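Add 85 to a position in the sequence shown, counting from 1, and you land on the number used in our numbering.
Worksheet for the structure shown next.
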Amino acid sequence: MSREITSQARLRADMQAFRAGFTSLFLATVSADGVPEASAVPMVMGDAGEFYIYVSALSRHTSNLESNPQAGVLLIQEEQSAANAFARERLSYQCRAAGIPRDSPRFSDIMGAFGERFGTIMQTLQNLADFRLICLTPASGTYVRGFAQAWRLSGPGLDDLQHLNPARDG
């Protein structure tokens with residue numbers, strides 16, 4: 086196996102391990118009037134790399150997603166554990182949002198995953214009529230591990246990593 090393939094495999098494994106450590110995400114949405122909104126939302130991850138959020142229709146981010154399905158997702162290292170605030174490890178994604186109907190088998194499966202992750206509060210939230218299950222499917226992304234360590238994510242499953250400085254090896 087070549088050094089580049091080994092390096093890419095290690096980088097992918099590091100990125101997946103980093104991503105697996107999150108139970109919430111930062112969500113960026115835009116209203117129908119073009120007003121940006123940032124929020125933090127609990128989530129579960131799907132098997133194909135998608136994010137599921139369960140959010141109230143009373144929240145601005147939910148109405149924003151209903152009028153404009155484009156969203157940004159950010160997973161970022163805690164400030165306390167970072168050696169330098171400018172070089173925090175992070176993953177950012179550009180996503181497309183789609184609602185999951187309550188009567189679909191997928192809704193039940195994903196709500197089961199929410200229950201496993203967040204406990205009995207989900208029994209209460211699942212019965213609230215204003216809550217919506219939304220799938221955020223990443224179309225592209227960026228993985229940053231620190232200074233001069235940034236990769237563009239592309240390809241099937243966003244599994245292709247291309248260093249943002251083409252002169253540098255991955």
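Beta carbons: idealized from backbone N, C-alpha and C, even for Gly.
All values reported here derive from a predicted model rather than from experimental measurement.
Pairing Gln208 with Asp245, the inter-Cα distance amounts to about 39 Å. Taking C-beta atoms as the reference points, Phe199 and Val140 fail to come closer than 9 Å.
Runs of the beta strand (DSSP E) spanning 3 or more residues and lying entirely within the stretch 196-239 occur at 216-231, 234-239, in chain order. For Ser177, there is no enclosing alpha helix (DSSP H); the residue is found in the beta strand (DSSP E) stretching over 175-185. Annotation: Gln234 to Leu112 spans about 23 Å, alpha carbon to alpha carbon. Val120 sits exposed, since fewer than 16 C-beta atoms from the chains shown fall within 10 Å of its C-beta. Looking at the DSSP output, Pro127 bridges to Ser109.
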